[in-house]
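Structure first, then comments.
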């Protein structure tokens, strides 16, 4: 069994509102699958259905080979999860919160608590009450609870939320280590698209409850738009040279000239020669690739080109 | 039940780390002291006269200054105090998971949700039993200290049994609050339910149909509103038990089957 998560036409309706619509996705073991979507897109509802917290209106979900239904507990021995903002019992210390979680996971040895406290760098806060933790440390405690039992599958809703830049890098390295050295599968939702681009093997994009696209990171590389950006002393004259040569060049925000023609992107040196011969040598010329953020916004129709 | 003992350990830890045990124990410790004060007031007419209204109230509530009257006062106090306090404890035990947003950590675990709910109910029952025992034991100490006229031991045990039954009925009647706290995600709905049940129980006793309304039964049982109204049949006690069982089963069903979106 190489599939960690599989959903078949998963749907959830609340009255007339459809939160998730016929969602079919597949997460292979050992991969990091990033689940992207705007607020209210259906990410958390999907995660709650995967964890058996919300019953689907239609369709089915399988986690680690078991169909999720009321009373099914087998997968939870091997699944760690973090749903939305992590919370803990405020009057219990960090260590007591983790000990409580350990007791509810039979078979997890006592030393696991100290081990995960060290791993998540919570040693200085171990005996501090959880209610006094900063947002970043509360997030670490949430992750510690998810990782306490060395799970095979991690289902994480915004795992980097509240962390400072150093914390984000630390969690990124931790997840990469878990995947690369321990074969853990990670299914995560995130708003930090730069992080996703660095971490994920595959990406699923959900919008208005529908899975718009599911693609490998290599496919993303291929699908991301590229453009040639040019700056010159006389932008208007340069633009005229390029358009008269047949390029679909345009002036963007009066700052630079943008060309999306594949021929220009493949051979920018020809543009340089042409501009130099026309007496308008470029002061800057760069092939830029669309980042994941722009790709995502373009896909959901919020990049300004295709209003939603 | 799978892992029930560990789930109970977790519930006990959460309770121990809160102020709730101390606050509730303090309230239940005060009840026998108030009863003892009433006994002194009734027994000492000079003191009663100097205290005015308090003496009148003491005589209405307690009647005479002896062990049966004192233990009956404790039973009545346990009925009313137990209903309110056990209700607040139940509201806290279940509602806190929603108020603190910790419920989502309890739903996808190898420990069954039913075990977690049962652990909470076990904690609630032991907590209520401990508070009742505190009231009874302090009551014995206070009664002895103010030198109530001696009675056979059987009278004391009968009084203790009445207190235990009254507390047990109060406990059963607040179990639906666990469902209210779970279904409405916090403290507000169960507290509202508690106030409503308390008000209705008094109104329905006055109308003469108290034996048909479960929440009126404990008050009738301890003759809180006068012995002439205490017409309790088997169905009155059965309705109390059924209310408790329905509250427990409803809460388990809610945790197991309902959508958990908080």
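Residue numbers (our numbering), protein chains in the order written: chain A, 555 to 862; chain B, 76 to 337.
Using N, Cα and C, we set each Cβ at its ideal position, and we do this for glycine too.
All of these numbers come straight from a predicted model, not from anything done at the bench.
| Query | Result |
| --- | --- |
| In this structure, how does DSSP classify residue 318(B) when only helix, strand and coil are distinguished? | helix |
| Closer than 7 Å by beta-carbon distance: list the chain A residues that pair up with residue 257(B), in chain order. | Correct list: empty, because the minimum Cβ distance to chain A is about 13 Å. |
| For residue 679(A), would you say it is in contact with chain B, using Cβ-to-Cβ distances shorter than 7 Å as the test? | no |
| On the DSSP bridge list, what partners appear for residue 581(A)? | 559(A) |
| Note down, one range per segment and in chain order, each beta strand (DSSP E) of at least 3 residues found wholly within the stretch 761-803 of chain A. | 764-770 and 780-786 |
| In angstroms, rounded to a whole number, what distance separates the CA positions of residue 813(A) and residue 840(A)? | 11 Å |
| Three or more C-beta pairs under 8 Å: does that hold for the stretch 818-834 of chain A against the stretch 779-792 of chain A? | yes |
| Between the stretch 222-234 of chain B and the stretch 186-202 of chain B, are three or more C-beta pairs nearer than 8 Å? | no |
| Rounded to whole angstroms, how far is the Cβ of residue 632(A) from the Cβ of residue 735(A), which I believe are closer than 8 Å? | Actually they do not touch by this definition, with Cβ atoms about 17 Å apart. |
| What does DSSP give as the partner residues of residue 635(A) in its beta bridges? | 709(A) |
| Less than 7 Å between the C-beta atoms of residue 322(B) and residue 254(B), yes or no? | yes |
| Is the stretch 683-694 of chain A touching the stretch 642-650 of chain A in the sense that three or more CB pairs, one from each, lie closer than 8 Å? | yes |
| Give me the chain B residues within the contact set of residue 635(A), using Cβ-Cβ distance strictly less than 7 Å, ordered along the chain. | 183 |
| State the start and end residues of the unbroken alpha helix (DSSP H) segment that holds residue 210(B). | 188-220 |
| Any chance the stretch 148-168 of chain B sits against the stretch 99-111 of chain B, with 3 or more Cβ pairs inside 8 Å? | yes |
| With the cut-off set at 7 Å, would you say residue 182(B) and residue 335(B) are in Cβ contact? | yes |
| Please compile the residues from chain B whose C-beta is within a distance smaller than 9 Å of the C-beta of residue 655(A). | 85, 180 and 184 |
| Whole angstroms are fine: how far does the CA of residue 86(B) sit from the CA of residue 681(A)? | 19 Å |
| Would you say residue 286(B) reaches chain A, if we count a Cβ-Cβ gap shorter than 7 Å as a contact? | no |
| Are residue 615(A) and residue 603(A) close, meaning C-beta to C-beta below 7 Å? | yes |
| Could you say which of 118(B), 238(B), 243(B) and 116(B) lies nearest to residue 162(B) if we only look at CA atoms? | 243(B) |
| May I ask you to list the residues that DSSP assigns as paired with residue 743(A)? | 589(A) and 711(A) |
| Excluding sequence positions up to five away, which residues of its chain have a Cβ less than 7 Å from the Cβ of residue 562(A)? | 578, 613 and 614 |
| With respect to the alpha helix (DSSP H) encompassing residue 107(B), which residues constitute its N-terminal and C-terminal limits? | 95-118 |
| Less than 7 Å between CB atoms is the rule here; does residue 79(B) satisfy it with respect to chain A? | no |
| Hey, could you find the ends of the beta strand (DSSP E) residue 882(A) is sitting in? | This structure leaves residue 882(A) out entirely; chain A is present only between 555 and 862. |
| For residue 717(A), which of helix, strand or coil comes out of DSSP? | coil |
| When burial is assigned at 16 or more other CB atoms within 10 Å of the CB, is residue 843(A) buried or exposed? | exposed |
| Can you check which of these residues, 565(A), 609(A) and 851(A), is closest to residue 329(B) by C-alpha distance? | 609(A) |
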